[in-house]
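Peer 1:
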Amino acid sequence: MLPTSPHFKENAARALADGGLQKALGRSRGAFQQKRADAAARLPEFERLREIGRDIKNHTLANLDFYLEHYARNVEAAGGRVHWCATAEDARATILAICREAGARTVTKGKSMIGEEIAINAYLERHGIEPVETDLGEYIIQLRQEPPSHIIAPAFHLNKEDWIEAFKAKHTELPPDRPMTERKALVDEARTVLRGRFLAADVGITGANLLIAETGSSVIVTNEGNGDLTQTLPRVHIAIASIEKVVPTLEDACAILRLLARSATGQEFSTYTTFSTGPRRAADPDGPAQYHVILLDNGRSAMVGTEFQDMLRCIRCAACMNHCPVYGVVGGHAYGWVYPGPMGAVLTPSLLGVEQAGHLPNASTFCGRCEEVCPMKIPLPRMMRHWREREFERHLVPRGTRYGLGLWAFLARRPALYRLAMRAAAWTLGLLGRRRGRFATLPFAGGWTAGRDMPAPEGETFQARYARLRRAGAGDPARQTRR
Amino acid sequence: MSGENGNGNPGKEAILGAIRRGLRRGPLPADQQALLAARIATHPRHLIPARSRLPRPAQVELFLDRVVAEFGTVARVADAAAVPQAVADYLAQANLPPSIAMAPHPLLAAMPWAERPMLAIRQGRAAPADQAGLTAAFAAIAETGTLMLPSGAERPTTLNIMPETGIVVVQASRIVGAYEEAWDLLRREAREDGAPGTLGPRFMPRNVMLITGPSRTADIEQTIELGAHGPRRLHVVLIDDDPAAR
C-alpha cells in the first residue's frame with residue numbers, strides 16, 4: 063500500500079467533512095474508553111501488571127538476539143520452520159515460495175497487521191493466488207478494497223449501511239431481496255460464505271500476538287474463531303510475526319495476556335487465545351502438515367538501542383488510538399498507512415522514514431492520554447517529540463515554521479529583548495482588538511485562526527503580571543494559582 | 039527461498055547483527071546466556087491476581103460464574119455417568135438435533151451413551167456437517183472462566199471451532215485458579231516423551247486453545263454478535279468429582 067502519510071493535512075480535512083465517518087467515530091469513541099476503564103477497575107492489580115508487562119518487554123528487548131535464537135531453535139525442534147526476513151520484500155517472496163510449493167490457489171487469512179505492513183494480499187493476487195480475509199472486519203474492507211482504519215477494529219469507520227451495500231454488491235449468489243437489516247443477519251451471511259472458503263483453502267496465514275521462546279509457540283488472540291479455522295484446516299499454516307513479538311516463557315505471556323484484552327476491548331480475556339507449536343503430530347487427527355514462521359524485521363532492529371526502542375514494547379491493543387482526541391475526529395485512514403493513532407505516529411516514521419511520515423508525530427495535542435492508558439507504559443508523547451526534533455534537525459519542517467521558531471529562539475535567548483517584544487506585541491494587539499475583544503484572522507497565523515478566534519490581550523504580559531504579583535508580596539504566584 | 043539457507047542464514051545474520059549493533063555488544067557471553075536459559079527453565083511466575091486465590095468450592099463457583107458472564111451456559115452433574123443425560127437434555131432444550139461429534143477421549147468413551155439410544159454419536163474430528171461437538175477439557179481456569187483444550191489424539195482441534203454448538207465436559211478436580219497453574223499441569227502431564235523433569239519444548243502439544251465463551255464479533259458498529267465463525271453456543275457440563283470443591 064502506497065503511503066498517503068505525506069498528505070496527512072489533506073486527509074484530515076477530508077475526514078472531518080465525511081459525514082459517514084464522523085457518525086461512525088462518534089458512535090464508538092466513548093464505548094472503547096468506557097469498556098477499558100471498567101475492565102481495569104475490575105482487576106485491582108491492573109496497574110502493577112502494567113509495570114510487570116513493561117519490565118518483561120524491556121528484559122526481552124535487552125536480550126532480543128538470545129530469545130529470538132532460542133525461540134527459533136524450539137520451533138524447529140517441534141518440526142516447524144523459521145524464515146528470518148530482514149525486509150518486507152524478503153517476507154513476501156518467502157510466503158509466495160511456500161504457497162507455490164504447496165500448489166496453493168487460495169489462501170485464507172487471519173487478521174494480521176504485519177500482513178498489512180508487507181501488503182501481502184496485493185502481492186499474492188499479482189502472482190495468481192487468491193487471498194481471502196476471514197476476520198469479519200478485514201473481510202468487508204477487502205470487499206470494499208480499502209485499508210483498515212484501526213488496528214483491532216479494521217472496519218471502525220463503517221456504518222451498517224456500508225456493510226449491507228457491500229454484501230449486496232459482492233454476494234451476488236444470494237437472493238437480492240434477502241433480509242439484511244439486522245447485524246445478526248450480516249454476521250450469519252459472512253459465516254456461511256466464509257465457511258466454504260475455509261474448507262477450500264490450501265494455505266492459512268495468521269499473524270501472531272506473541273512468540274514464546276520457551277516452547278517455540280506462536281500465539282493468536284481472536285474473538286471470532288476465524289484465526290483458528292485459518293490455521294487448522296489448510297495443509298500449510300504460515301504465521302507472520304515481527305521480531306519484537308517474542309517473550310521468554312508462558313508465564314511472561316500470561317502477564318501480558320492479562321493486559322491485552324482488557325486494554326483492547328475491555329474483555330477479561332479474548333474468546334480464543336491459541337498457542338501453535340509446529341505442524342500436526344503423528345497422533346493428531348487434524349491440523350496443518352506444515353508450519354512456517356515468517357520472522358520479520360523490516361526496520362525494527364534499527365530501533366533497538368535508540369530513543370525509539372520503547373516502541374518495540376507495543377502489543378497492538380489500540381488503547382492509545384481509542385483514547386486519542388486526534389484519532390477520534392480524523393479516524394485511521396487520515397494517517398495514510400497501516401498504523402494510525404499515537405502508536406502509528408511513532409512507529410510509521412521509524413518504518414517509512416520521517417520524510418514520509420513527519421506530519422504524524424505533529425498530529426498530537428500532547429494531552430498524554432495515550433501514555434496513561436498504554437498497557438506497556440510506552441512514553442508515546444516523548445517519542446513524538448523526538449521525531450519532531452529529528453524532523454527539525456533535518457530541515458524537513460516548512461520554511462515559515464523554521465523561521466518562526468528561529469525568531470522565537472533568538473528572542474528567548476535575550477530576555478530583555480523578549481520582554482520588550484512581548485510588551486510591544488501585547489500592546490499593539492490589545493489596541494487593535496479593543497473594539498471586538500478578539501481576532502478572527504491574524505497575519506502569519508491563518509492556520510490557527512481558521513478554526514477559532516484569537517482573544518485580544520487585555521493589558522500587561524504574563525511575565526509583567528507575574529513580577530508585579532511577586533513584588534506585591536503575594537509569595538510565589540505560580541504556587542498560588544495552582545492551589 | 040530468500041531470507042534463509044545458503045552459507046549460514048543471511049536473513050538471520052542480518053537481523054541478529056543489527057540487534058547487536060543497537061545493543062552495542064556482540065553475542066552474549068556464555069555466563070549471561072546461562073542465566074537467561076535458567077530463567078526459561080525455571081519460568082518464574084509474575085503477579086497472580088488475588089481474584090482466583092480462593093477455597094476450592096469458591097474457585098469452582100468463580101469458574102462457573104465467569105462462563106455464564108461470557109455468554110456460556112452450565113450444567114452441573116454428580117458424576118461422569120450423568121453426562122449423557124445432561125448432553126441429551128441440553129440439545130433438546132436448545133432445540134438442536136440429537137446428534138454429536140464426540141472427541142475420542144477415554145473419559146467420554148467410558149460414559150454410558152448406550153442409555154441414550156436416541157442420541158446419535160460419531161467419534162473423531164469435526165466434519166463440516168456436524169452441528170454439535172463434545173470434548174473434554176484438559177483443565178479449566180477460574181480467573182476468567184477459560185477452558186484449556188490441548189490438541190492430541192483424544193482432542194481434535196476442529197471440534198473446538200467448527201460445530202455451531204460446543205459442549206465441553208469439565209471435571210471439577212481439573213479447575214485451577216490461574217493460567218499459570220494450568221500450564222504447570224500441562225508441563226507435568228502432557229510430555230510426549232514420558233521423561234518428566236527434562237526441559238525443552240516438547241511438553242507443548244501442537245495446539246493449545248484457551249477458550250472463554252462462544253465465538254463473537256463486534257466488527258459491525260462495535261456491537262457484540264455471538265457466533266461469528268466458531269461455536270454460537272458454548273455449554274459446559276461440570277462433573278463434581280472433587281469432594282473438596284463441593
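Note that the protein sequences, when read in sequence, are chains A and B.
My numbering puts the first sequence at residues 63 to 545.
My numbering puts the second sequence at residues 39 to 284.
Where is the CB? At the ideal position from N, CA and C, for every residue including glycine.
Values in this document were obtained by computation on a predicted structure and should not be read as measured data.
#1: With 8 angstroms as the threshold, decide whether the Cβ of Ile57(B) is near any Cβ in chain A.
#2: From the DSSP output, in three-state form, read off Gly235(B) for me.
#3: Skipping 5 residues on each side, what residues in its chain have a beta carbon closer than 6 angstroms to that of Glu178(A)?
#4: Taking DSSP's pairing of strands, which residues face Lys171(A) in a bridge?
#5: Give me whichever residues DSSP pairs with Gln209(B) in a beta bridge.
#6: Hey, Glu459(A) and Glu451(A) are a contact pair by Cβ (cut 8 angstroms); roughly how many whole angstroms apart?
#7: Do the region 81-97 of chain B and the region 103-121 of chain A meet, that is, are 3 or more Cβ pairs less than 8 angstroms apart?
#8: Measuring CA to CA, which of Leu295(A), Arg498(A), Asp515(A) and Pro210(A) is closest to Leu504(A)?
#9: Can Ala170(B) and Thr196(B) be called in contact, C-beta distance under 8 angstroms?
#10: Drop a sphere of 10 angstroms on the beta-carbon of Gly394(A), count the other beta-carbons inside from all chains shown, and report buried for 16 or more, exposed for fewer.
#11: Taking the Cβ atom as the reference point for each residue, do Met373(A) and Ile440(A) lie within a distance shorter than 8 angstroms?
#12: Along chain A, which residues have their Cβ under 8 angstroms away from the Cβ of Thr182(B)?
#13: Mind checking which residues open and close the beta strand (DSSP E) that includes Arg96(A)?
#14: Candidates Ser189(B), Val274(B) and Asp279(B): which alpha carbon is nearest Leu102(B)'s?
#15: Ile300(A): which of Ala518(A), Tyr334(A) and Val169(A) sits nearest, CA to CA?
#16: Would you identify the three-state DSSP class for Ile86(B), choosing helix, strand or coil?
#17: Helix or strand or just coil, what does DSSP make of Leu458(A)?
#18: Pick helix, strand or coil for Arg343(A), following the three-state DSSP scheme.
#19: Closer than 6 angstroms by C-beta to Trp151(B): which residues in its own chain qualify, once you throw out the five before and the five after it? Chain order, please.
#20: Would you kindly work out how many angstroms separate the C-alpha atoms of Asn384(A) and Asp257(B), rounded to a whole number?
#21: Alpha carbon to alpha carbon, how far is Arg496(A) from Ala487(A)?
#22: Taking only the alpha-carbon atoms, compute the straight-line gap between Gly46(B) and Lys246(A) and give it to the nearest angstrom.
#23: Between Ile199(B) and chain A, is any beta-carbon pair separated by less than 8 angstroms?
#24: Any idea what DSSP makes of Val355(A), helix, strand or coil?
#25: By the three-class DSSP mapping on this structure, what secondary structure does Ala181(A) have?
#26: Given Pro296(A), which residues of its chain have a CB within under 7 angstroms of its CB, disregarding the five upstream and five downstream residues?
#27: Grab me the residues of Ala233(B)'s own chain with a C-beta within less than 7 angstroms of its C-beta, minus the 5 sequence neighbours each way, in chain order.
#28: If you reduce the DSSP assignment to three classes, tell me which class Glu263(B) lands in.
#29: Taking a Cβ distance cut-off of 9 angstroms, strictly less, list which residues of the region 241-257 of chain B are near chain A, in chain order.
#30: Answer yes or no: do Ala323(A) and Glu330(A) have a C-beta to C-beta separation smaller than 8 angstroms?
#31: Please report the distance separating the alpha-carbon of Ala102(A) from that of Arg254(B).
#32: Can you name the start and end residues of the alpha helix (DSSP H) that Cys147(A) belongs to?
#33: Short check: CB of Asp359(A) to CB of Cys161(A), under 8 angstroms?
#34: Can we say the region 463-480 of chain A touches the region 135-153 of chain A, given the rule of at least three CB pairs closer than 8 angstroms?
#35: Please report the Cβ distance between Pro387(A) and Thr427(A), rounded to the nearest whole angstrom; I am assuming they are in contact, meaning their Cβ atoms lie under 8 angstroms.
#36: Let me check one thing: in DSSP terms, what residues is Thr554(A) bridge-paired to?
Peer 2: According to the data block:
#1: yes
#2: The pLDDT assigned to Gly235(B) is 40, lower than 50, so where the model puts this residue is not dependable; a value taken from the coordinates is nonetheless given after this. Note: Gly235(B) maps to coil in three-state DSSP.
#3: Val400
#4: Glu195(A) and Ile267(A)
#5: Ile277(B)
#6: In the sequence under discussion, the amino acid at residue 459(A) is Val, which differs from the Glu named in the question. Actually they are not in contact, since the Cβ atoms of Val459(A) and Glu451(A) sit about 10 angstroms apart, beyond 8 angstroms.
#7: yes
#8: Asp515(A)
#9: no
#10: buried
#11: yes
#12: Glu330 and Phe331
#13: The amino acid occupying residue 96(A) in the given sequence is Gln; Arg does not appear at that position. First-last for Gln96(A): Gly81 to Arg104, but that is the alpha helix (DSSP H), not the beta strand (DSSP E).
#14: Val274(B)
#15: Val169(A)
#16: coil
#17: coil
#18: coil
#19: Pro122 and Ile159
#20: 15 angstroms
#21: 14 angstroms
#22: 53 angstroms
#23: yes
#24: strand
#25: coil
#26: Thr170, Ala263, Asp264, Val265, Gly266 and Pro350
#27: Note on Ala233(B): pLDDT 46, under 50, position unreliable in the model; the coordinate value appears next. Cβ neighbours of Ala233(B) beyond the five flanking positions: none.
#28: strand
#29: Phe241, Met242, Pro243, Arg244, Asn245, Val246, Met247, Leu248, Ile249, Thr250, Gly251, Pro252, Ser253, Arg254, Thr255, Ala256 and Asp257
#30: yes
#31: 21 angstroms
#32: It is not in any alpha helix (DSSP H) - Cys147(A) instead sits in the beta strand (DSSP E) that spans Arg143 to Cys147.
#33: no
#34: no
#35: 6 angstroms
#36: Summary: the structure shown does not reach residue 554(A), with chain A confined to residues 63 through 545, and so no result is reported for it.
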